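**Student:** Take the sequence shown: its position 72, counting from 1, is numbered 72 in full-length UniProt numbering, and each next residue is one higher.
The beta carbon of each residue, even a glycine, is placed where N, CA and C say it ideally should be.
Computed from a predicted structure; not experimentally measured.
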Amino acid sequence: MNRSFSIDSILARKPKRKIGEDRLIRVFLQSANLWRRFHSLGTEMIVTKSGRRMFPTLSVIIAGLDPVKNYVVMVDLECIELKRFRYSFHQSKWISTGPGESELPSRMFVHSDSPARGAHWMRSPVSFDKMKLTNNQLDNNGHIIVNSMHKYRPRVHVIEQDEAKTRHTFSFEETDFIAVTAYQNHRITSLKIESNPFAKGFRECEVQDMAHLQVPANFQSVLPFIFPYFANLTANAEQ
1 MNRSFSIDSI LARKPKRKIG EDRLIRVFLQ SANLWRRFHS LGTEMIVTKS GRRMFPTLSV
61 IIAGLDPVKN YVVMVDLECI ELKRFRYSFH QSKWISTGPG ESELPSRMFV HSDSPARGAH
121 WMRSPVSFDK MKLTNNQLDN NGHIIVNSMH KYRPRVHVIE QDEAKTRHTF SFEETDFIAV
181 TAYQNHRITS LKIESNPFAK GFRECEVQDM AHLQVPANFQ SVLPFIFPYF ANLTANAEQ
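1. How about methionine 54: is its Cβ closer than 6 Å to a heavy atom in the ligand SAH?
2. Which of helix, strand or coil does DSSP assign to glutamate 103?
3. Helix, strand or coil: which one does DSSP assign to serine 114?
4. Using the rule of at least 16 other Cβ atoms within 10 Å of the residue's Cβ for burial, across every protein chain shown, is residue 282 buried or exposed?
5. With DSSP collapsed to three states, give me the class of methionine 149.
6. For the region 47-62 against the region 120-140, do three or more pairs of beta-carbon atoms, one drawn from each stretch, fall closer than 8 Å, so that the two count as touching?
7. Quick check on isoleucine 144: does DSSP put it in helix, strand or coil?
8. Provide the residue span of the alpha helix (DSSP H) that contains threonine 175, from first to last.
9. Mind pulling the alpha helix (DSSP H) runs of 4 or more residues that sit fully within the region 22-84?
10. With DSSP collapsed to three states, give me the class of glutamate 160.
11. Figure out for me which residue from Phe128, Ile159, Ile188, Leu82 has the closest Cα to the Cα of proline 115.
12. Decide if leucine 29 is buried, meaning its Cβ has at least 16 other Cβ atoms within 10 Å, or exposed.
13. Which stretch, first to last residue, makes up the alpha helix (DSSP H) that contains leucine 138?
14. Just confirm the distance between the C-beta atoms of aspartate 176 and isoleucine 80, as a whole number of angstroms; I'd bet it's less than 8 Å.
15. Comparing C-alpha positions only, which one of Gly118, Val75, Asp129 sits nearest to valine 110?
16. Between valine 68 and valine 27, what straight-line distance do the alpha-carbon atoms span, to the nearest angstrom?
17. Within 10 angstroms of the Cβ of aspartate 66, are there 16 or more other Cβ atoms? Answer buried if so, exposed if not.
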């Protein structure tokens, strides 16, 4: 028998790879240094009933896609510790207070450009700046539902639009955050103001507005303890 048609020779043959089949898809976190600064303090994200956008904004750079193949890119949130947390002002850190609340299956936020060819996704950073977080368990606006005082980690999913629908999932430890209805750590508040242009401008407007108010002398002494950023305002007024 001709060896080329034997069972052994057929099994020994290496399967032919399709062009691009061995591509390594990679996803990199944009503004990683900023995320690490927040992570070192314990990142907090404000959540509201109507929905609030994240800051820092989740934005990634995608590489290794097939330029002509279509992909869907989406994000969900993983509750990474099934615990409830509270901020200890005495210890200046977050501590666990017991089992967390039951979690609904995480919603997916699908990027508005989906589906699109790989060349499109690799052309520029992919931002999820329109994604909003809510603590409204009955939300019908498509926002991502979270429980306050619980810890989450965003996950980026890149899904190939073919018969297999292969999903590639990426996450970054430095994007972990605790959902809050009001900031607990004053250092997080300061860093958000420092690094978020919108928040900084909003704060400056507030201070300018307060400068025109007549604050009673007996109230000025306690004002800095109620609103820390008024401390500079009253200090300047005394000079």
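**Tutor:** For this structure:
1. In the structure shown, the ligand SAH is absent, as is every other ligand, since no ligand is present at all.
2. As a first step, residue 103 must be located in the sequence shown, where it is residue number 103. Glutamate 103 falls in the coil class under three-state DSSP.
3. By 1-based counting over the sequence shown, the position of residue 114 is 114. Three-state result, serine 114: coil.
4. For residue 282 there is no data in the structure shown, the boundaries of the chain being 1 and 239.
5. To locate residue 149, count along the sequence shown from 1; it is residue 149. Note: methionine 149 maps to coil in three-state DSSP.
6. yes
7. Your numbering for residue 144 matches position 144 in the sequence shown. Note: isoleucine 144 maps to strand in three-state DSSP.
8. The count along the sequence shown starts at 1 and reaches residue 175 at position 175. First-last for threonine 175: undefined, no H or E at that position.
9. 32-41
10. Indexing the sequence shown from 1 puts residue 160 at position 160. Looking at glutamate 160 - three-state DSSP - the assignment turns out to be strand.
11. The sequence position of residue 115 within the sequence shown is 115, counting from 1. Per the Cα distances, Ile159.
12. Position 29 of the sequence shown, counted from the start, is the residue given in the question as residue 29. By the 10 Å Cβ count, leucine 29 comes out buried.
13. As a first step, residue 138 is located in the sequence shown; it is residue number 138 there, counting from the start. Here leucine 138 belongs to no alpha helix (DSSP H), and DSSP marks it neither H nor E.
14. One-based indexing of the sequence shown puts residue 176 at position 176. One-based indexing of the sequence shown puts residue 80 at position 80. Indeed, because the Cβ distance is near 7 Å, the residues count as touching under 8 Å.
15. As a position in the sequence shown, residue 110 is number 110, starting the count at 1. Of Gly118, Val75, Asp129, the residue nearest in Cα terms is Val75.
16. Here residue 68 corresponds to residue number 68 of the sequence shown, with the count starting at 1. Here residue 27 corresponds to residue number 27 of the sequence shown, with the count starting at 1. Roughly 18 Å separates the two Cα atoms.
17. Translated into the one-based positions of the sequence shown, residue 66 becomes position 66. The residue in question, aspartate 66, is buried, as its Cβ has 16 or more Cβ neighbours within 10 Å.
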